[in-house]
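Written below as structure tokens is the structure these notes are about.
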Amino acid sequence: MQPTWTYKNFQIQEGLKPGSKTLRYFFKVVEGHEKKCNYCVWIVDDALARFDPSEDFNAIVASRKETWHRWVKAKIDAGDFRNRALKIEKTGEHEINLSELSEKETLS
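FYI, in the working numbering the residues of the sequence shown are 1 to 108.
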């Protein structure tokens, strides 16, 4: 079962993408019975050691979850319900629009 929490009048379900070999942590934002959007934290493979030397997904999630929750809350506060990913690479991080990903970059 995915952890669920509430912020304002939104329910947020979160969790690692099942079976993924790349760290992709999703937040599904729902208002009432309507899905508003998905947010995702995507850490590329060569950046994993920056967060945990063993590159353990669960350890990374545990250490970064509060920061990611603040990012989700800020998106909600700004009324930004576009499907967005916070892509973290070795050289830094940036937001990308999930609907504009190239086939090569797909999160599927």
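Yeah, the Cβ is synthetic: ideal placement off N, Cα and C, and Gly gets one too.
Discussion item. Quick check on DSSP: helix, strand or coil for Ser20?
Written reply: coil
Worksheet item: beta strand (DSSP E) containing His94: first to last residue?
Response: Gly92 to Asn97
Worksheet item: What are the residues that DSSP puts in a beta bridge with Arg84?
Response: Tyr39 and Asn97
Discussion item. Using only the alpha-carbon positions, how far apart do Arg50 and Thr67 sit?
Written reply: 15 Å
Practice prompt. Consult DSSP for Lys57 and reduce its assignment to one of helix, strand or coil.
Written response: Before going on, a small fix: residue 57 reads as Phe here, not Lys. Correct three-state label for Phe57: helix.
Item to complete: Give me the Cα-Cα distance between Phe81 and Val29, rounded to the nearest whole angstrom.
Response: 8 Å
Item to complete: With DSSP collapsed to three states, give me the class of Lys65.
Response: helix
Worksheet entry | Which residues DSSP lists as bridging Gln2, in chain order | According to DSSP, Gln2 bridges with nothing at all.
Practice prompt. Can you give me the Cβ contacts of Phe27 inside the same chain, cut-off strictly under 6 Å, excluding the 5 residues immediately before and after it?
Written response: Ile12, Glu14, Tyr39 and Val72
Practice prompt. Could you check how far apart the C-beta atoms of Ile96 and Lys90 are, in whole angstroms? I think they sit under 8 Å.
Written response: The Cβ separation is near 16 Å, so there is no contact.
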